[in-house]
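Top line first, the protein sequences correspond to chains R and D. Each residue of the first sequence is one higher than the last, beginning at 329 in the numbering used here. Each residue of the second sequence is one higher than the last, beginning at 109 in the numbering used here. Here is the structure we will look at.
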Amino acid sequence: MENYIIEMLNITKKFPGIIANDNITLKLKKGEIHALLGENGAGKSTLMSVLFGLYQAENGEIRKNGKVVRINNPNDANTLGIGMVHQHFKLVEIFTVLENIILGVEPNKMGFLEKKEARKRVIELSERYGLKVDPDALIEDITVGMQQRVEILKMLYRDNEILIFDEPTAVLTPQEIKELLQIMKEFAQEGKSILFITHKLNEIMEVADRCTVLRKGKYVGTVNVKDTTKEELSKMMVGRDISFSVDKKEANVGEIVLSVKNLTVSSKTHKNNAVKNVTFDVRAGEIVCLAGIEGNGQTEFVNALTGLEKPNSGIIKLCGKDMTKSSIRQRSINGMSHIPEDRQKHGLVLDYKLEENLVLQRYWQPEFQRRGFIKFDSVRKYAEKLIKKYDIRSGQGSSTIVRSMSGGNQQKAIVAREIDKEHQLLIAVQPTRGLDVGAIEYVHKQLIKRRDAGKAVFIVSLELEEVMNVSDRILVIYEGEIVGELNPKTTTVEELGLYMSGAKRDVVKEISDAE
Amino acid sequence: MDTVYYLIQNMLPVSIPLLLVALGGMYSEISGVVNIALEGIMLFGAFFGALFVFFVQDSSMNPQTILLLGMLIAALAGLIYSLLLSFAAVNMKADQVITGTSLNMLIPAAILLFSRMFFNSDGITTSINFYIREVPILGQIPLLGQMFFQRTYLTVMIGFIFLIIAVIVFYKTKFGLRIRSCGEHPHAADSVGINVYKMRYAGVSISGILAGIGGFFYSVGVMDGNVSGHTGVAGFGFLALAVMIFGQWKPIKILFAALFFAFLRTLAYSISLIPILDNLGINQTYYKMLPYIATMVVLAFTSKKSRAPKAEGIPYDKSKR
């Protein structure tokens with residue numbers, strides 16, 4: 329009989345329409361790092377939210393040190409020593425670091441805050457674990473990495489001994505990930521128990537002692553990490569064999585399709601320019617990837633490129649034509665396709681039917697309208713063709729309301745619409761964000777197919793693996809400037825990380841006008 | 109110099125209702141609830157305050173005592189009326205702007221009906237005099253005494269006390285920190301064990317109390333103790349919203365914003381005392397538009413930079429993450 333600090337036995341949690349957790353059992357030993365692995369929607373976050381008291385399970389029980397406990401809200405969890413770093417940080421942006429750490433457990437005298445002691449304690453903790461933070465900085469002014477350190481300090485400040493990390497590495501640079509994993513190991517050595525949610529197998533292999541795998545809300549199994557392999561874990565997670573590498577032929581590079589010269593875009597949130605003097609070309613038959621940490625000007629750059637925002641200065645040329653001042657429709661007609669970053673906000677009209685969404689770029693063409701009236705039968709025929717060709721799955725076929733479709737199929741619909749229309753350049757912004765392994769595989773294949781068909785493909789991505797596997801050329805953006813151009817075949821993830829965090833930069837050579 | 113004293117002495121009783129109601133709006137909004145019903149709550153508080161004064165004015169009670177008791181009754185009335193908004197906005201997750209608007213429309217009509225039924229008039233007219241000619245001792249301080257403690261109302265001093273309390277609560281207390289987190293990031297508040305619903309009830313209730321008092325002080329300091337169902341509080345509830353935005357949801361800035369609007373209004377009503385403006389020969393009516401036009405101009409210029417509590421107006425729903 330082993331000693332478990334936390335046991336979650338036969339947990340079942342239902343949401344309207346789905347069973348998020350179906351009879352799941354998870355046992356956590358004291359002082360171990362226990363990974364929780366699963367695809368998107370496998371129920372990992374739900375299970376942890378049950379443990380943290382944000383949700384209540386319909387069935388099952390939770391035990392701490394063998395005794396049954398009830399966790400009705402985060403306060404109960406906190407009393408039991410359970411703390412959580414949420415995937416989307418729960419920090420108040422206009423508060424200082426210190427205020428965020430003490431919120432909820434404020435040291436006070438008759439209701440008046442006693443910040444002095446709290447500050448001493450926070451500084452002490454931050455020095456002891458090497459979690460560097462500035463207690464008086466506002467959350468909105470600090471980096472994502474530091475925000476995460478604040479979340480960790482929040483748990484330490486509350487003397488939590490069971491720490492839940494919900495996909496903590498998704499927002500970090502490779503260097504920051506290394507530091508975080510190191511700190512997690514230290515915690516474990518001190519006797520704290522860690523639950524680590526992730527879908528990155530490398531990280532599990534590096535730090536975890538044991539790993540529990542979930543698939544579609546069901547418990548698959550628990551394994552000792554020492555006795556398993558990446559391949560075995562991924563098979564447990566997905567239920568079939570998955571190829572990690574992306575197969576692709578040599579690029580067959582042709583004419584310049586997109587040419588950006590000295591593009592500068594101002595920022596809406598601060599006084600400096602978000603994009604500074606960016607110059608590069610994308611040629612037919614190649615995939616160029618813009619890599620960078622979130623918030624380094626990618627969004628503003630793509631907005632300027634696609635016409636959603638006006639640039640301050642610079643020239644955008646598409647197949648030799650100046651498009652800098654063209655409308656979005658003109659750009660689209662001239663061969664620009666765009667898979668937007670936020671598919672629900674900019675990619676789809678969520679409350680329209682699938683067929684209507686599929687002709688959003690083309691409804692005005694004679695094929696689909698006459699004298700301002702839409703020809704719905706030809707719209708439907710076209711939609712059904714796309715649904716078949718691109719394997720878009722939905723409840724009621726072409727008349728499904730898009731909001732009710734899964735994220736992966738929503739993305740497939742956008743990909744289908746943008747690829748099927750006449751285009752020379754495909755711009756894809758974080759095309760695989762939030763998708764599970766199977767859907768990612770699909771999107772990558774489609775992008776490479778476009779390249780092999782002689783189109784220019786421009787990807788903006790935060791995922792290092794995607795950048796390394798899919799692209800033919802990598803441009804790194806840092807604080808709105810292109811700081812390096814790398815070849816994915818000769819560079820390493822570590823080097824890429826250094827560029828992305830601004831630790832390393834090349835003097836970008838001026839591209840001469842004589843070509 | 110006398111004109112300056114006169115303007116300040118008249119400006120303060122006007123600024124206090126704006127200040128209190130704007131502070132009330134601030135407490136509601138930093139908890140995450142948009143309180144557009146301030147106008148209605150003011151009028152509700154003013155009505156019950158004045159009703160109380162009407163019934164006790166013939167007794168031998170000291171006018172200032174009556175004022176304090178009337179204030180308590182107005183506060184209670186405001187609190188009760190604001191509970192309707194809390195219930196709709198917090199429990200029923202209703203649209204806060206529509207709820208507020210309906211609460212605003214109800215009150216003037218109810219007052220007219222009530223006054224017609226019982227007083228055969230459009231409102232309540234009282235005959236008591238709350239005016240203070242000079243505060244003992246403090247009124248003798250050179251310069252400041254004449255500005256702040258002569259020819260004034262008790263409401264001014266009470267208003268500043270409320271301001272000081274508001275500042276302390278906002279910046280120095282556990283409650284202040286918690287309530288602000290609820291308007292900014294309720295999910296964060298919830299995840300550290302703060303009851304968002306309770307905090308929002310607290311925020312709206314404080315705004316009800318302050319708006320009720322503000323309404324009563326309006327009828328005391330601006331309307332000579334009367335309440336009318338026709339003119340109501342002359343848009344002071346909405347002006348207070350503008351004051352709150354102009355004051356960037358911060359107590360001290362709200363004070364200055366309230367003084368600014370009150371000054372314009374006082375100026376507009378005192379044109380005949382200022383020869384330069386009087387000689388221009390512009391119809392006084394145009395001057396009376398000043399505070400309202402200033403509202404539009406000021407908001408047009410500041411609203412771009414203004415930063416409202418992030419989660420205000422959005423009903424809190426645990427399951428949405």
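Note that beta-carbon positions come from the ideal geometry of N, C-alpha and C, so glycine has one too. None of these values were measured; they are calculated from a predicted model.
Item: Contacts of R:N349 in chain D (Cβ-Cβ under 9 angstroms); Value: Those do not exist, as R:N349 stays about 15 angstroms from chain D at its closest Cβ, beyond 9 angstroms.
Item: Where D:T281 meets chain R, residues with beta-carbon distance less than 7 angstroms; Value: G439, F440, L441
Item: Presumed contact (8 angstroms Cβ cut-off) between R:I339 and R:G388, rounded CB distance; Value: 4 angstroms
Item: D:C290 - DSSP class collapsed to helix/strand/coil; Value: helix
Item: Interface residues of the stretch 301-326 of chain D facing chain R [CB-CB below 9 angstroms]; Value: G301, I302, N303
Item: Within 9 angstroms, strictly: CB atoms of R:L441 and R:L491; Value: no
Item: Buried versus exposed call for D:M179 [16 or more other C-beta atoms within 10 Å across all chains shown]; Value: buried
Item: First and last residue of the uninterrupted beta strand (DSSP E) at R:L337; Value: 332-343
Item: Inter-residue Cα distance where the pair is R:I839 and R:K645; Value: In this prediction, R:I839 scores a pLDDT of 44, lower than 50, which makes its location untrustworthy; the coordinate-derived value is nonetheless stated afterwards. Those two C-alpha atoms are separated by around 15 angstroms.
Item: Short-range partners of chain R found in the stretch 397-412 of chain D, where Cβ spacing is below 7 angstroms; Value: none
Item: Reduced DSSP secondary structure (H/G/I, E/B, other) of R:K817; Value: coil
Item: Under the three-state DSSP convention, the category R:D350 falls into; Value: strand
Item: Separation of R:D650 from R:A842, as counted between CA atoms; Value: Caution is warranted here: a pLDDT of 37 is assigned to R:A842, below 50, making its placement in the model unreliable, and the coordinate value is therefore given only provisionally. Taking the straight line from one Cα to the other gives about 18 angstroms.
Item: Cβ pair D:R259, D:I245 closer than 9 angstroms; Value: no
Item: Of the residues R:F629, R:V610, R:D670, the one placed nearest R:C647, counting alpha carbons only; Value: R:V610
Item: The beta strand (DSSP E) enclosing R:V585, as first and last residue numbers; Value: 584-594
Item: Span of the beta strand (DSSP E), counted from its first residue to its last, around R:H666; Value: 664-667
Item: Neighbour flag for R:N406 against chain D, beta carbons, 9 angstroms; Value: yes
Item: Cβ-Cβ distance between R:V450 and R:L481 below 9 angstroms; Value: yes
Item: Alpha helix (DSSP H) segments (min. 4 residues) lying fully within the stretch 353-391 of chain D; Value: 359-377, 383-386
Item: R:Q752 in three-state terms, based on DSSP; Value: coil
Item: CA-to-CA distance, D:I174 to D:F152, given in whole angstroms; Value: 18 angstroms
Item: Short Cβ contact (9 angstroms threshold) for D:G132 with D:I317; Value: yes
Item: Closest by C-alpha distance to R:T501, when choosing among R:R833, R:L790, R:T819; Value: R:L790
Item: Neighbour-count burial assignment, D:R429, 16 or more Cβ in a 10 Å radius; Value: Residue confidence for D:R429 is low, a pLDDT of 46 falling below 50, so the modelled location carries little weight and cannot support an answer.
Item: Three-state secondary structure assigned by DSSP to D:G253; Value: helix
Item: Distance between D:H295 and R:P402 (C-alpha atoms, nearest Å); Value: 11 angstroms
Item: D:R415 to D:K361 span [Cα, whole Å]; Value: 14 angstroms
Item: Beta-carbon proximity of R:V420 to D:S168, cut-off 9 angstroms; Value: no
Item: Extent of the continuous beta strand (DSSP E) run through R:V798; Value: First-last for R:V798: 792-798, but that is the alpha helix (DSSP H), not the beta strand (DSSP E).
Item: Per-residue burial, D:Y394 [other beta carbons within 10 Å of its own, 16 or more giving buried]; Value: exposed
Item: Spatial distance of R:R801 from R:L375 (CA atoms); Value: 40 angstroms
Item: R:V413 beta carbon less than 9 angstroms from that of R:F493; Value: yes
Item: Test: D:K361 CB closer than 9 angstroms to a CB of chain R; Value: no
Item: Integer Cβ distance of R:D719 from R:E367, believed to fall under 8 angstroms; Value: About 18 angstroms; that fails the 8 angstroms criterion.
Item: Partners in chain R for D:E292, counting only beta-carbon separations shorter than 9 angstroms; Value: V420, E421, I422, F423
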